[in-house]
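In my numbering, the protein residues as written are 487 to 624.
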């Protein structure tokens, strides 16, 4: 069956919450290991190029959040913190929906184009990486 022939599944808030739960559990686990051992996941991009990728500092964000230090998390990587805020908001909306509340959806013009969301996120990530690399590391 070709990809164009595959049926599109309707969004299910419970399925979205499960995915967020797995993502959160992995993030908490990696951050917890970094807090306890001091070791995080090294960035291959930074090791190869010496520049920061959009996710560089993500381990520091997790460690700062583990300690409740929002200012340090923001200083480590604003892109990651912003993404986490969006995921928390989505989690709240999906929880309300899963409990029988109203479903909140993007405007119709954006709903049928999931690829557009990834293009926008990717463009923001590239711009963020370029801008943060223009300022030399202290």
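Ideal placement from N, C-alpha and C gives every residue a C-beta, glycine not left out.
Indicate the three-state DSSP secondary structure (helix, strand or coil) for residue i in the structure shown.
i, result
"residue 578", "helix"
"residue 537", "coil"
"residue 530", "helix"
I need the boundaries of the alpha helix (DSSP H) containing residue i, first residue and last residue.
i, result
"residue 607", "600-620"
"residue 506", "499-523"
"residue 546", "544-552"
"residue 556", "556-562"
Would you call the CB atoms of residue i and residue j closer than 7 Å?
i, j, result
"residue 619", "residue 537", "yes"
"residue 580", "residue 503", "yes"
"residue 577", "residue 506", "yes"
"residue 584", "residue 499", "yes"
"residue 544", "residue 566", "yes"
"residue 562", "residue 546", "yes"
With a threshold of 16 other CB atoms inside 10 Å of the CB of residue i, please say whether the residue is buried or exposed.
i, result
"residue 559", "buried"
"residue 523", "exposed"
"residue 509", "exposed"
"residue 540", "buried"
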